[in-house]
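Working notes, beginning with the structure itself.
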Amino acid sequence: MKWYQKLHWKIIIGLILGLVWGLISSFLNWNQFTVDYIGPFGTIFVNLLKLIAVPLVLASLIVGVSSLNDMTKLSRMGGKTIGIYLVTTVLAITIGLTIVNVMQPGKTLPQETRTSLMESYSENLEGRDEAAQELIERSPLQFFVDIVPVNAVDAASDNSNMLQVVFIAIILGIGIINIPVQKGEVLINFFDSLNDVIIKIVDLIMKTAPYGVFALMATVIVDLAGDDLTQALVLLRALGWYCIAVLIGLLLHVSIVYFSLFKLFSKMKLRSFLKAIRPAILLGFSTSSSAATLPVTMERVEKNLGVDEEVSSFVLPVGATINMDGTSLYQAVAAVFIAQALGLDLTIFQQLTIVLTATLASIGAAGVPGAGIIMLVIVLQAVQVPVEGIGLILGVDRILDMARTAVNITGDAAVSVAVASSEGMLGDIHFDDE
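Here our numbering = 1-based position in the sequence shown + 1.
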């Protein structure tokens, strides 16, 4: 197979061509054509991935749980999963705070840029302050209440309710274990067959991935540039150090934290790991959605990394909802950057508050649309930094959202490897797309 026929290279080519088309479209004022006739193909691609996310999680997790005869194994696996996710999130925030304090990107932003951006983007914050306040005022245990749905059909109708779907699948799996084997086998065979069908559908959808990411990238560039590409480039230059700080933090988190995770729990090499899940990372980058990429992530983790389905079907859906390593790191950098840009010096105590608040917000805001910005509002309020300062970074947030989502997905896969290895359920790594 030639190099350009491999899936990850097709996706990369699609991303590059989408970037080129977006720039050409902005220069020649073809933005409306791109939005009307190219953008919909990207939306269709994302919708296809979202379409199969819930049935995939439901089917695979029911089969996985029902195959466990020892319930202590399930509880042990759950404790490890949540514990590792929390530790990696705290480490991500710490790395972000270290980078932003060393580089101090906020002090390079011109005053006139701060003022104009805050005025032009202030309207985008309408409603987000209220949404953040609602999350703050909720009961500390509301997160656990939200996991238990009152209606299984309603829970399955919205991908943002993925934890509720996980809960339903676990309950069904436990119920199957506690009925006679002959009766349970009927359901197990049904969901096992359904899972195989969905995996085949994933393979078919992935054949359209290069075209989907082309459309998504073209639309992103057009949205970023708007009608005035020059203004967008000036904005990118003004916020360049901020973007570099976030990207350096994300790279350090992947290379240090996940490398250490593999050293502690498995013998897998970080380079081989990244190579095995490249398509999932690239899709996460182009879609900015962990939930939409979940079917591809599960397929790559099981087929290429050798993670047992019992582990992947539990760890990955939970991770897609509550694991926000990349997003939490971004919260830390963004909060301190905004404070620096506004001339505010945060104390050590305030930065420790960022660590605690961002960790809790990553869980509390898990099922909220636009969770990244709402999380940031919560963090800024906690350290008494003006929420309007978010207007300083909204112009480049879309690109950084793509990068941090890719890291979130990488973290989900890394934790699944760690949990599988600790449970003796990790097979050999291989690359079937080459």
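Ideal placement from N, C-alpha and C gives every residue a C-beta, glycine not left out.
Check: From G19 to A216, what distance separates their C-alpha atoms?; Outcome: 6 Å
Check: Starting from the N-terminal side, write out each stretch of the alpha helix (DSSP H) that is 4 residues or longer and does not extend beyond the segment 149 to 207.; Outcome: 153 to 157, 163 to 178 and 182 to 207
Check: Given a threshold of 16 other Cβ atoms within 10 Å of its Cβ, counted over all protein chains shown, does V182 qualify as buried or as exposed?; Outcome: exposed
Check: Can you list, in chain order, the residues of its chain with a C-beta nearer than 6 Å to that of A407? Leave out the 5 residues immediately preceding and following it.; Outcome: I282, G285 and F286
Check: Is it true that the segment 384 to 391 meets the segment 267 to 275, where meeting means three or more beta-carbon pairs spaced less than 8 Å apart?; Outcome: no
Check: When DSSP builds the beta bridges, which residues end up paired with L427?; Outcome: V308
Check: Between L251 and the rest of its own chain, which residues show a CB-CB distance below 7 Å, the 5 nearest in sequence each way excluded?; Outcome: G327, L330, A404, R405 and V408
Check: With distances taken from CA atoms, which of V36, A54 and A421 is nearest A321?; Outcome: A54
Check: Go ahead and label L205 buried or exposed: buried means 16 or more other beta carbons lie within 10 angstroms of its beta carbon, across all protein chains shown.; Outcome: exposed
Check: Closer than 9 Å, CB to CB, is V337 near chain D or not?; Outcome: As a matter of chain content, chain D is missing from the structure shown, which is built from one protein chain.
Check: So, at 6 Å on beta carbons, what are the nonlocal neighbours of D229 in its own chain, with the 5 sequence-adjacent residues on each side left out?; Outcome: For D229, the predicted model reports a pLDDT of 49, less than 50, meaning its position is unreliable and no value from the coordinates is stated.
Check: Are the CB atoms of F274 and V418 within a distance shorter than 9 Å?; Outcome: yes
Check: Taking F266 as part of the alpha helix (DSSP H), name the residues at either end of that continuous run.; Outcome: F260 to F266
Check: Excluding the five sequence neighbours on either side, which residues of its own chain have a C-beta within less than 8 Å of the C-beta of D429, listed in chain order?; Outcome: G307
Check: Is it true that the CB of T298 sits closer than 9 Å to the CB of L317?; Outcome: yes
Check: Going by other Cβ atoms of all chains shown within 10 Å of its Cβ, with 16 needed for buried, is K201 buried or exposed?; Outcome: exposed
Check: Let's test the definition: count the other Cβ atoms within 10 Å of the Cβ of Q33 and tell me whether it reaches 16, buried, or not, exposed.; Outcome: exposed
Check: Hey, would you say V334 sits closer than 9 Å to V247, going by beta carbons?; Outcome: yes
Check: If you count every other CB in all the chains shown that lies within 10 Å of the CB of E311, and 16 or more means buried, which is it?; Outcome: buried
Check: Considering only residues of the same chain and omitting the five flanking positions on each side of V203, which have a CB-CB separation below 6 Å?; Outcome: P296 and E300
Check: For a test of the three-state rule: what should DSSP assign to D402, helix, strand or coil?; Outcome: helix
Check: Have a look at F192, D147, G107 and A93 and flag the residue whose alpha-carbon is nearest the alpha-carbon of L343.; Outcome: G107
Check: With P41 as the anchor, note down where its alpha helix (DSSP H) starts and where it stops.; Outcome: G40 to S67
Check: Should the segment 44 to 64 be regarded as contacting the segment 160 to 168, the criterion being three or more beta carbon pairs within less than 8 Å?; Outcome: yes
Check: Can you check which of these residues, A60, I39, L347 and G241, is closest to L188 by C-alpha distance?; Outcome: A60
Check: Excluding the five sequence neighbours on either side, which residues of its own chain have a C-beta within less than 7 Å of the C-beta of V223, listed in chain order?; Outcome: G23, S26, S27, N32, T35 and V36
Check: Confirm, please, whether the CB-CB distance from G15 to M218 is below 9 Å.; Outcome: yes
Check: Could you check if V416 is buried or exposed, using at least 16 other CB atoms within 10 Å of its CB as the buried criterion?; Outcome: buried
Check: Excluding the five sequence neighbours on either side, which residues of its own chain have a C-beta within less than 6 Å of the C-beta of L262, listed in chain order?; Outcome: A415 and A419
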